[in-house]
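*Asks:* Numbering (my numbering), first residue to last: 85 to 263.
Backbone N, C-alpha and C fix where the C-beta goes; we use that ideal spot for every residue, glycine too.
Just so we're clear, the structure is a prediction, and the values are computed from it rather than from any experiment.
One structure is given below, represented as structure tokens, and several questions about it will come after.
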């Protein structure tokens, strides 16, 4: 009976994992979530930190985090994030790009805000954050566990710019690597 129960449990686990692993990242939503201030309607400086469930079965346990900065009167945000697959191709893990929609779904997972600052405080902190990005020590490295990974980067920025008062989610696995 124990052997039967063990085999049944193992088979069920494999089927569940396989069902999640077959999700295709190429078809997963990357649409804007509509939670970021529209840069064409907001002249104030904006700082936004986001978290979304990691892709596929990893999302059961962990989130992917990133952040976006919009200086006062800017028409777009600059998004900063660490992406592991980039290192497999010989590229830096740390990437940045300009967009009007920094709150895009993370391959099917809707993001939530973990920090949002606007106005004078955001304007004052953006140069400090940009300077910290330039000093990030693991820009060319990625390791799922224990880090450095996509959660290490925002956590490290938060340590470099304590005025952010950034509180990373418990499921931001790898954020402790920044300590």
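In whole angstroms, give me the CA-to-CA distance for residue 106 and residue 204.
*Replies:* Unreliable positioning characterises residue 106 in this predicted model, as indicated by a pLDDT of 46, which lies under 50. The coordinate reading is nonetheless provided below. Each residue's Cα considered, the two are about 46 Å apart.
*Asks:* Please report how far the alpha carbon of residue 226 lies from the alpha carbon of residue 211, in whole angstroms.
*Replies:* Those two C-alpha atoms are separated by around 25 Å.
*Asks:* Taking only three categories from DSSP, how would you classify residue 198?
*Replies:* In this structure, residue 198 counts as strand in the three-state DSSP scheme.
*Asks:* Using the three-state DSSP reduction, which class does residue 227 fall into: helix, strand or coil?
*Replies:* Note: residue 227 maps to coil in three-state DSSP.
*Asks:* Report the three-state DSSP secondary structure of residue 171 (helix, strand or coil).
*Replies:* Helix, per DSSP.
*Asks:* Taking the straight line between their C-alpha atoms, what separation do you get for residue 257 and residue 233?
*Replies:* Roughly 8 Å separates the two Cα atoms.
*Asks:* In chain order, what residues of the same chain have a beta carbon less than 6 Å from the beta carbon of residue 244, not counting five sequence neighbours either side?
*Replies:* Around residue 244: 216.
*Asks:* Which value, in whole angstroms, describes the spacing of the CA atoms of residue 214 and residue 242?
*Replies:* Each residue's Cα considered, the two are about 12 Å apart.
*Asks:* In the DSSP assignment, find the unbroken beta strand (DSSP E) run with residue 182 in it and report its ends.
*Replies:* Here the beta strand (DSSP E) through residue 182 covers 178-183.
*Asks:* Hey, residue 284 and residue 251: beta-carbon distance below 8 Å or not?
*Replies:* The shown model of the chain, from 85 to 263, leaves out residue 284, and the question about it has no answer.
*Asks:* For the structure I just gave you, are there three or more beta carbon pairs, one from the stretch 152-172 and one from the stretch 124-137, closer than 8 Å?
*Replies:* The answer is yes - the stretch 124-137 touches the stretch 152-172, with three or more Cβ pairs under 8 Å.
*Asks:* According to DSSP, is residue 263 part of a helix, a strand, or is it coil?
*Replies:* Residue 263: coil per DSSP, three-state reduction.
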